[in-house]
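When the letters of the sequence shown are read in order and numbered with this note's numbering, they come out as residues 505 to 742. No residue lacks a Cβ here, since even glycine has one placed at the ideal position from N, Cα and C.
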Amino acid sequence: MRGIQPSAGAWRLALAAALGLVASTAALAQELSVYVLQGQLTRASQNITSLGAELMGDRVNLYTGALEFQHGDISLPGNSALPVALGRRHTVGRDPIVQGEFGDWDLDVPHIRGVFPTARGWKTMNGSTARCSNYGPQADFILSGTAFWYAEEFWQGNHMAIPGAGSQELLLRSYANTLMPSDGQNYPVVTRDNWQLRCLPSVANGPGEGFVALAPDGTQYRFDWMVTRTQPWLRDPG
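Next comes the structure, spelled out in structure tokens:
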């Protein structure tokens with residue numbers, strides 16, 4: 505069966521239509537403005553997606569049983585893998601005396617935390633502020649010769665929290681653990697998820713060492729600002 509062959513004029517017409525379509529597409533791409541892109545971002549946040557295990561922003565620590573709620577307030581597109589965002593988190597069951605930046609909500613920012621006696625602060629076992637290079641557990645605390653507290657009664661380790669990566673306990677590097685970056689720096693502190701921490705000679709707002717945490721993907725977090733806040737009182741009937 506013989507098909508119908510298009511004429512040369514028809515080929516030219518089809519080619520011209522195809523070129524016109526390409527030109528129209530290019531013109532449309534050039535006409536996209538910031539307002540069009542903003543509208544696309546707005547509509548994207550309204551799309552229906554599947555529900556996951558953290559439907560209400562809740563997260564359960566399967567090790568301690570603690571329940572937290574996390575909420576993102578600001579999120580902007582950036583030009584790197586680091587998120588340009590600001591959020592907050594609420595820990596269920598926290599004592600009302602412990603106030604955060606938003607009442608019983610805290611800013612969800614990278615931080616290292618621990619509980620220490622007010623009169624002593626974060627110091628090493630021998631009383632120095634080499635809290636990184638001489639990392640270790642806290643010493644027992646004696647208050648003016650009248651009260652004695654074992655360290656395990658008020659200190660449960662130091663923890664690093666990173667938004668999106670959870671909380672990890674800071675651990676003293678074992679001599680058997682020789683896996684560390686080849687940048688010539690010393691990393692005396694590690695975590696179970698292979699984060700490595702090196703020391704800063706001082707923090708920006710006081711004496712004592714700070715930390716630089718290196719994530720497995722190479723991202724660095726700098727901890728050099730010391731903040732304190734009240735914790736619930738401890739009472740000993742003895």
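Open item on the list: Please report the straight-line C-alpha distance between A719 and G670, rounded to a whole angstrom.
Closed with: Position 215 of the sequence shown, counting from 1, holds the residue named residue 719. Position 166 of the sequence shown, counting from 1, holds the residue named residue 670. Cα to Cα, A719 sits roughly 13 Å from G670.
Task: Residues of its chain near Q735, where Cβ-Cβ distance is below 7 Å and the 5 sequence neighbours each way are ignored - done: Working through the sequence shown from its first residue, we reach residue 735 at position 231. Apart from the 5 residues on each side of it in sequence, Q735 sits with its Cβ closer than 7 Å to the Cβ of V602 and V619 in its chain, given in chain order.
TODO: Answer with buried or exposed for S528, where buried requires no fewer than 16 other C-beta atoms within 10 angstroms of its C-beta.
DONE: For the purposes of this step, residue 528 is taken as the residue at position 24 of the sequence shown. In this predicted model, S528 has a pLDDT of only 44, less than 50, meaning its place in the structure is not dependable; the value taken from the coordinates is given anyway. So S528 counts as exposed.
Open item on the list: Quick check: A717 and W699, are their CB atoms within less than 9 Å of each other?
Closed with: What you label residue 717 is simply residue 213 of the sequence shown in a count that begins at 1. What you label residue 699 is simply residue 195 of the sequence shown in a count that begins at 1. Against a cut-off of 9 Å, the Cβ pair of W699 and A717 comes out as a contact.
- [ ] Leaving out five residues on either side along the sequence, give the residues of the same chain with a beta carbon under 7 Å from the beta carbon of G591.
- [x] As a first step, residue 591 is located in the sequence shown; it is residue number 87 there, counting from the start. Excluding residues up to 5 positions away in sequence, Q574, H575, G576, D577, D612 and P667 lie with their Cβ nearer than 7 Å to the Cβ of G591 in the same chain.
TODO: Could you have a look at E673 and say whether DSSP puts it in helix, strand or coil?
DONE: Taking the sequence shown and counting its residues from 1, the one referred to as residue 673 is at position 169. Reduced to three states, the DSSP call for E673 is strand.
TODO: Specify the secondary structure class of A589 as computed by DSSP and reduced to three states.
DONE: For the purposes of this step, residue 589 is taken as residue 85 along the sequence shown, with counting starting at 1. Look at A589 here: in three-state DSSP terms it is strand.
TODO: Identify the continuous alpha helix (DSSP H) that holds A749 and give its terminal residues.
DONE: Residue 749 lies beyond the stretch modelled for the chain, which goes from 505 to 742, so this question has no answer here.
TODO: Figure out for me which residue from D644, L704, H615 and L647 has the closest Cα to the Cα of Q672.
DONE: On the sequence shown, position 168 is the one that residue 672 refers to. If we check each option's Cα against that of Q672, H615 comes out closest.
Task: C-alpha distance - Y654 paired with P641, whole-angstrom precision - done: Looking up residue 654 in the sequence shown gives position 150. Looking up residue 641 in the sequence shown gives position 137. Each residue's alpha carbon lies about 11 Å from the other.
TODO: Could you tell me whether the Cβ atoms of R726 and F715 are closer together than 9 Å?
DONE: Translated into the one-based positions of the sequence shown, residue 726 becomes position 222. Translated into the one-based positions of the sequence shown, residue 715 becomes position 211. Yes, the pair counts as a contact, with Cβ atoms nearer than the cut-off.
TODO: Out of L571, N583 and N630, point me to the one whose CA is closest to T595's CA.
DONE: On the sequence shown, position 91 is the one that residue 595 refers to. It is L571 whose Cα lies nearest to the Cα of T595.
TODO: Count the other CB atoms, across all protein chains shown, that sit within 10 Å of the CB of R593; report buried if there are 16 or more and exposed otherwise.
DONE: By 1-based counting over the sequence shown, the position of residue 593 is 89. So R593 ends up on the buried side.
Task: Sequence-distant residues of the same chain with beta carbon closer than 7 Å to D599, five excluded per side - done: Position 95 of the sequence shown, counted from the start, is the residue given in the question as residue 599. Around D599: P736.
TODO: Have a look at G631 and P741 and give me their C-alpha separation to the nearest angstrom.
DONE: The residue you call residue 631 lines up with position 127 of the sequence shown. The residue you call residue 741 lines up with position 237 of the sequence shown. Roughly 27 Å separates the two Cα atoms.
- [ ] Quick one: grab the DSSP three-state call for Q724.
- [x] On the sequence shown, position 220 is the one that residue 724 refers to. Strand, per DSSP.
- [ ] Consult DSSP for A623 and reduce its assignment to one of helix, strand or coil.
- [x] Looking up residue 623 in the sequence shown gives position 119. Three-state DSSP puts A623 in coil, outside helix and strand.
Task: Separation of P581 from V694, as counted between CA atoms - done: The residue labelled residue 694 in the question sits at position 190 within the sequence shown. The residue labelled residue 581 in the question sits at position 77 within the sequence shown. If you take the alpha carbons of V694 and P581, they lie about 31 Å apart.
- [ ] For L676, count neighbouring C-beta atoms within 10 Å of its own C-beta (all shown protein chains included) and say buried if the count is 16 or more, exposed if not.
- [x] Translated into positions along the sequence shown, residue 676 becomes position 172. Answer is exposed; the Cβ neighbour count stays below 16.
TODO: Name the two residues that bound the continuous beta strand (DSSP E) containing M684.
DONE: As a first step, residue 684 is located in the sequence shown; it is residue number 180 there, counting from the start. Counting along the chain, M684 falls outside any beta strand (DSSP E), and DSSP gives it neither H nor E.
Open item on the list: What does the alpha-carbon distance come out to for the pair L704 and T723?
Closed with: For the purposes of this step, residue 704 is identified with residue 200 of the sequence shown, where counting begins at 1. For the purposes of this step, residue 723 is identified with residue 219 of the sequence shown, where counting begins at 1. Linking L704 to T723 through their CA atoms gives a straight-line distance of about 17 Å.
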